[in-house]
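In my numbering, the protein residues as written are 811 to 1072. Backbone N, C-alpha and C define an ideal beta-carbon position, used for all residues, glycine too. Note that the coordinates shown come from a computational prediction; the quantities given were computed from them, not determined experimentally.
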Amino acid sequence: MRVTKYGHSCLFIEEGTARILIDPGSYVFKGNDGEISFSTASRNHAEGGRGMGCDHSCAYHAAVRGTTRKLLKPEDLPQCNVLLLTHEHADHTDPEALKQIYESGIMNQESGLILTNEGVKKVLTENGIKFKIEILKPGEIRTVQGVTIRAIACDHGHIADHFPRVENVGFLIAGKLFHPGDCVTPSEEVQAEILAVPVVAPWMAVREGLEFVKKVKPKYAIPIHDAMVKWPEVPWYKIFETGLAGSGIEFVKMELGKAKEF
Ligand SMILES: [Zn+2]
Ligand SMILES: [Zn+2]
């Protein structure tokens, strides 16, 4: 089995003649543009660089590298014959990217197949995605190009009470690689040699991710759901801002080194 990572939770798996693409969501194609304003302290850090004892492997420098790398486009993805979508959140299911995947022929327009759940199917249908879509319910197995794809019951991790819950499905591929989508607590026991483990998300604690790996006991654990590492503040602040909207509590985003009178 050959595995290629395309950013965030997007993996490409080659097994025999099966070419399986999972979750080519919005973060796979997104840079930091306009999203991040680095604080003065961060800039000083960048300018000080190695002199400050940083070997440029820190989160700040990873973010800076993210701003200069060439962004991946949907048409840069490899040819595949099946697409697996774990759930409808944009960082996993990006209708615009899927349209481009359709137009550019990355997956054959006639024989290509999307395996997913009801929630995603609804979003795809509303957005006019023309690929053939099949629902794979937890416990069900579909064989594609001689490779088994089994749906695993995997509830989406809880973000916050003001976020609507969405349906999430995990996929066990060839009985060997498990991609859980946005979940580190599947409701059934899974055995996998390769485990794609979410590492950074507002719906999980890092501790839970680690416990998940130890419970499954794979031979290899591959980090996924890590695009947020590039955007140190934005996703986390947004959850507090939206969650506290209308509560009468002000969420004050403090600028480093800049005093505010309370
Ligand atoms: Zn999600
Ligand atoms: Zn996600």
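| query | result |
| --- | --- |
| Residues bridged to Pro1033 by DSSP? | Val1007 |
| With C-beta atoms as the reference, is Leu925 less than 8 Å away from Arg960? | no |
| What are the boundary residues of the beta strand (DSSP E) that Lys815 is part of? | Arg812 to Lys815 |
| Pull up the DSSP beta-bridge partners for Thr953, would you. | Thr958 |
| Could you give the distance in angstroms between the alpha-carbon of Gly861 and the alpha-carbon of Gln910? | For Gly861, the predicted structure reports a pLDDT of 48, less than 50, and the residue's modelled location is therefore unreliable. The matter cannot be settled from this model. |
| Would Val1059 be called buried (16 or more neighbouring beta carbons within 10 Å of its own) or exposed? | The sequence as given places Ile at residue 1059; Val does not occur at that position. Ile1059 is exposed by the Cβ-count criterion. |
| Quick one: Cα of Ala1037 to Cα of Ser921, how far? | 31 Å |
| Going by DSSP, what residues sit across from Leu894 in a beta bridge? | Ile832 and Leu925 |
| Output the distance between the C-alpha atoms of Ala1069 and Phe1061, rounded to the nearest integer angstrom. | 15 Å |
| Could you pull the DSSP bridge partners for Lys942 from this structure? | Leu923 |
| Would you be able to state if there are at least three C-beta pairs under 8 Å between the region 1013-1021 and the region 1041-1053? | no |
| Can you find a heavy atom of ligand 1 that lies under 7 Å from the Cβ of His899? | yes |
| Could you tell me how far apart the beta carbons of Gly980 and Gly991 are, in whole angstroms, since I believe they sit closer than 8 Å? | 6 Å |
| Establish whether the CB of Ile1059 and some CB of chain C are separated by less than 8 Å. | In the structure shown, chain C does not exist; there is a single protein chain. |
| By DSSP's criteria, Ala963 is part of a beta bridge. Which residues make up the other side? | Val979 |
| Going straight from the alpha carbon of Gly835 to that of Pro905, what length do you get? | 9 Å |
| Could you pull the DSSP bridge partners for Met917 from this structure? | Cys890 |
| Could you tell me the alpha carbon to alpha carbon distance between Asp833 and Glu1051, rounded to whole angstroms? | 27 Å |
| Could you pull the start and end residues of the beta strand (DSSP E) that Glu999 belongs to? | No beta strand (DSSP E) holds Glu999; DSSP gives it neither H nor E. |
| Secondary structure at Ile1059, three-state DSSP: helix, strand or coil? | coil |
| Can the beta-carbon of Phe941 be found closer than 8 Å to that of Lys883? | no |
| Assign Ile911 to one of three DSSP states: helix, strand, or coil. | helix |
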